[in-house]
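S.K.: The sequence shown begins at 38 in this note's numbering and counts up one residue at a time. Here it is, the structure in full.
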Amino acid sequence: MKIAVIGAGVIGISTAYELATHGHQVSVFESNGAAAEECSFSNTGVASAGYASPWAKPGMVKHVLTHLWQRDNPMQLNSLKLTDWRWLWQWRKACNSATYQRNRESMLRLAEYSSLRLRTLTDTLNLEHEKSQGYLVLLRSERESKLMQASLAVLRDAGLSFKTLNAEEARVIEPALNPDTTLHQAIHFPDDDIGNCRQFSLLLKNEAELLGVKFFLNTQVQPLTHSAPKTIRTSANTEGEKFDAVVVCAGLGSAPLLRRLGLRIPLAAMHGYVISAAMREQLDAPRSGVMDEQYKIAISRLGQRIRVSGGFELGGSATRHDPNVIKTLYQVLDDWFPGAARTQANVQIWKGSRPMLPDGPPIIGASGIPGVWLNLGHGASGWALACGSARAIADSIHGKSPDIDLQGLGLERLH
Ligand SMILES: Cc1cc2nc3c(=O)[nH]c(=O)nc-3n(C[C@H](O)[C@H](O)[C@H](O)COP(=O)(O)OP(=O)(O)OC[C@H]3O[C@@H](n4cnc5c(N)ncnc54)[C@H](O)[C@@H]3O)c2cc1C
């Protein structure tokens, strides 16, 4: 089949690669001048099955509302538009226990499958991206530890491998953890990966090109239309080019592409920050990745750099930086790994926008319009979920049954 993929982030590139392995003739259209320049550009790199969980969960509404006034609260609401309020309303409806359990299970299934596929691709194709293994969740107090128990029970039931550690044991895993910062307990996920999402994407793009995939950069696709939903129109080709199938992997750009087809995709931009700084001293740096559960701030090591990320900001601007959030990132880095990074100069501060659906899981599958397929809305876990999502949709388009059940990952659940 002749297939168009819209978007060259980690989701579009991995989808194009998987389609090409099935022998299809694939073209990828990307509005930027390079691949992986939007949300896949500088994310934290945590590919964690346990942490790929819905943001909509019981107790979350109360938690967000009661902490909203705190300056170092990870969640911020800013100048909300009507669409943001609508999204929040849908999110609130999804915060019940039955919906959460269902979404949690779907995401876990996909994340575990993705993790396997990520490793297989990395190993078989020799994709040498910066990576390390293991993820440590740091709990500062007994209260945090108690709050974690429900999530851990779900992971235990799912057979996920993790270990609860005391402070001393945690320091064996991450010897540079600052002994002066109170650590009540830690949860270690030994099988989780930390990896450089952008590097992986660019390496996989090369592999896709070797299989014949064509990338059209600087090419913005116009919204798909009812009369010809499988025709790709761009400013350079207003007549359009016909395809047998179109896969929408356009992150936040997906909703406007699909609107004229009558598909309303409730995507919101959830902004977050990442600072990346050169490692100053290896002995003071994390070996892999950690998460400060109180501040919801992750610190990871990617090659010779340290990355610190956090912040969930709905509404507001994708480019304006909030100095308070950035200050908190530096503070948490200093709490756990003082002296690990050169933070005085040449620090890259990146604000990225997660393509968030209100309930949690992405949408993977048919759109209901013949020939138009969806692989979008991966929110805060797109790196963790990318390779499995891509394989599953490529199998579906190819007419082969995917290796995992896609129940709960379709568009129908949102309507
Ligand atoms: C601060 C932060 C930290 C994160 N940390 C993690 C993490 O540790 N682990 C994890 O798993 N995930 C993490 N994520 C989430 C992850 O980065 C995203 O889920 C993932 O990158 C989404 O990939 P994507 O390909 O769907 O979107 P994108 O990378 O945004 O790609 C979509 C592409 O489509 C293109 N496009 C859009 N519209 C059009 C159009 N009309 N025509 C042509 N092209 C178009 C865009 O230019 C873009 O390149 C983080 C995100 C942020 C912001």
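Note that the Cβ used here is the ideal one computed from N, Cα and C, for glycine as well.
Start and end of the beta strand (DSSP E) containing GLU350?
M.R.: Taken as a continuous stretch (DSSP letters only), the beta strand (DSSP E) holding GLU350 covers 342–352.
S.K.: Compare the beta carbon distance of LEU448 and GLY402 with 8 angstroms and say whether it is the shorter of the two.
M.R.: Yes, the pair counts as a contact, with Cβ atoms nearer than the cut-off.
S.K.: Could you round the C-beta distance between VAL83 and ASP229 to whole angstroms and report it? I think they count as a contact, below 8 angstroms.
M.R.: Their Cβ separation, rounded to whole angstroms, is 7 angstroms, which keeps VAL83 and ASP229 in contact under 8 angstroms.
S.K.: Considering Cα atoms alone, identify which of LEU422, ILE441, ASN133 and ILE210 is closest to SER51.
M.R.: The candidate whose alpha carbon is nearest that of SER51 is LEU422.
S.K.: So, under 8 angstroms CB-CB, LEU105 and LEU351 are touching, yes? Tell me the CB distance rounded to an integer number of Å.
M.R.: About 11 angstroms; that fails the 8 angstroms criterion.
S.K.: Give a single yes or no on whether CYS234 has its beta carbon closer than 7 angstroms to a heavy atom of ligand 1.
M.R.: Yes; taking the cut-off as 7 angstroms, the Cβ of CYS234 has a heavy atom of ligand 1 nearer than that.
S.K.: Are GLU321 and GLY397 touching if we call contact CB-CB under 8 angstroms?
M.R.: Looking at the sequence provided, one finds Asp at residue 321 rather than Glu. No. Outside cutoff.
S.K.: Which ranges would you report for the beta strand (DSSP E) in the region 40–128 if only whole runs of at least 3 residues count?
M.R.: Listed in chain order, the complete beta strand (DSSP E) runs (minimum 3 residues) inside the region 40–128 are 62–66 and 112–115.
S.K.: From the DSSP output, which residues share a beta bridge with PRO392?
M.R.: DSSP lists ALA306 as partners of PRO392.
S.K.: Which residue comes first and which comes last in the alpha helix (DSSP H) that contains VAL409?
M.R.: Looking at the DSSP string, VAL409 is not in any alpha helix (DSSP H); the run it does join, the beta strand (DSSP E), is 409–413.
S.K.: Span of the alpha helix (DSSP H) holding TYR172?
M.R.: Counting along the chain, TYR172 falls outside any alpha helix (DSSP H), though it belongs to the beta strand (DSSP E) covering 168–176.
S.K.: If you draw a straight line from the alpha carbon of PHE374 to that of TYR310, how long is it in whole angstroms?
M.R.: Whole-angstrom Cα-Cα distance: 19 angstroms.
S.K.: Rounded to whole angstroms, how far is the Cβ of ALA223 from the Cβ of LEU202, which I believe are closer than 8 angstroms?
M.R.: The pair is a contact, with the Cβ atoms about 5 angstroms apart (cut-off 8 angstroms).
S.K.: With a threshold of 7 angstroms, establish whether the CB of VAL14 neighbours any heavy atom of ligand 1.
M.R.: The structure shown does not extend to residue 14, since the chain is modelled only from 38 to 452, so the question has no answer here.
S.K.: Hey, LEU241 and PRO392: beta-carbon distance below 8 angstroms or not?
M.R.: No, they are not a contact pair.
S.K.: THR81: which of ILE231, SER64, SER134 and GLU206 sits nearest, CA to CA?
M.R.: Considering only alpha carbons, the answer is ILE231.
S.K.: Please classify GLY290: does DSSP put it in a helix, a strand, or coil?
M.R.: Reduced to three states, the DSSP call for GLY290 is helix.
S.K.: Determine, using beta carbons only, whether ALA45 and PHE252 come nearer to each other than 8 angstroms.
M.R.: Against a cut-off of 8 angstroms, the Cβ pair of PHE252 and ALA45 comes out as a contact.
S.K.: With a CB to CB cut of under 6 angstroms and the five nearest residues on each side skipped, what residues in its chain are close to ALA195?
M.R.: Cβ within range, chain order: LEU145.
S.K.: Would SER151 pass as a contact of GLY425 if the rule is Cβ separation under 8 angstroms?
M.R.: In this structure, GLY425 lies closer than 8 angstroms to SER151 by Cβ.
S.K.: Going by CA-CA distance only, name the one from LEU155, GLU211 and ASN383 that's closest to SER85.
M.R.: Of the listed residues, the one whose Cα sits closest to SER85 is LEU155.
S.K.: Just to confirm my understanding: we take THR218, look at its own chain, exclude 5 residues before and 5 after, and list those with CB closer than 7 angstroms. What are they?
M.R.: For THR218, where only same-chain residues beyond five positions count, the Cβ hits under 7 angstroms are ASP372 and TRP373.
S.K.: Are the region 327–345 and the region 357–370 touching, with three or more C-beta to C-beta distances below 8 angstroms?
M.R.: Contact holds: three or more Cβ-Cβ distances are below 8 angstroms.
S.K.: As a quick exercise: from GLY348, HIS166 and ALA314, pick the residue whose alpha carbon is nearest that of ASP329.
M.R.: Nearest C-alpha to ASP329: GLY348.
S.K.: Is ALA273 helix, strand or coil by DSSP?
M.R.: Three-state result, ALA273: coil.
S.K.: When every heavy atom of ligand 3 is checked, does at least one fall within less than 7 angstroms of the C-beta of ILE302?
M.R.: Looking at this structure, you won't find ligand 3 anywhere; what it does contain is ligand 1.
S.K.: Which residue wins for smallest C-alpha separation from CYS132, given the options HIS308, ARG123 and LYS94?
M.R.: Checking every option, the nearest Cα to that of CYS132 belongs to LYS94.
S.K.: Quick one: which unbroken alpha helix (DSSP H) runs of 4-plus residues sit fully inside the region 220–265? Chain order, please.
M.R.: For the region 220–265, whole alpha helix (DSSP H) runs of length 4 or above, ordered along the chain, are 234–247.
S.K.: Where do the ends of the alpha helix (DSSP H) carrying THR161 lie?
M.R.: Segment 134–161, the alpha helix (DSSP H) holding THR161.
S.K.: With a threshold of 8 angstroms between beta-carbons, can VAL384 be considered close to chain C, or not?
M.R.: Annotation note: the requested chain C is absent from the structure, which comprises a single protein chain.
S.K.: Is there contact here, the region 253–268 with the region 281–296, by at least three beta-carbon pairs under 8 angstroms?
M.R.: Touching, per the Cβ criterion.
S.K.: Should ILE48 be counted as a contact of ligand 1 given a C-beta to heavy atom distance under 7 angstroms?
M.R.: Under cutoff, so the answer is yes.
S.K.: Out of curiosity, what's the CA-to-CA distance linking THR256 and LYS279?
M.R.: Spanning the two alpha carbons is a distance of roughly 16 angstroms.
S.K.: Buried or exposed: where does ASN243 fall if 16 or more other Cβ atoms within 10 Å of its Cβ makes it buried?
M.R.: Classification of ASN243: exposed, given that the 10 Å Cβ count is below 16.
S.K.: Can you tell me where the beta strand (DSSP E) holding MET328 begins and where it ends?
M.R.: Where MET328 is concerned, the enclosing beta strand (DSSP E) stretches over 326–329.
S.K.: Classify PRO395: buried if its beta carbon has 16 or more other beta carbons within 10 angstroms, exposed otherwise.
M.R.: PRO395 is buried by the Cβ-count criterion.
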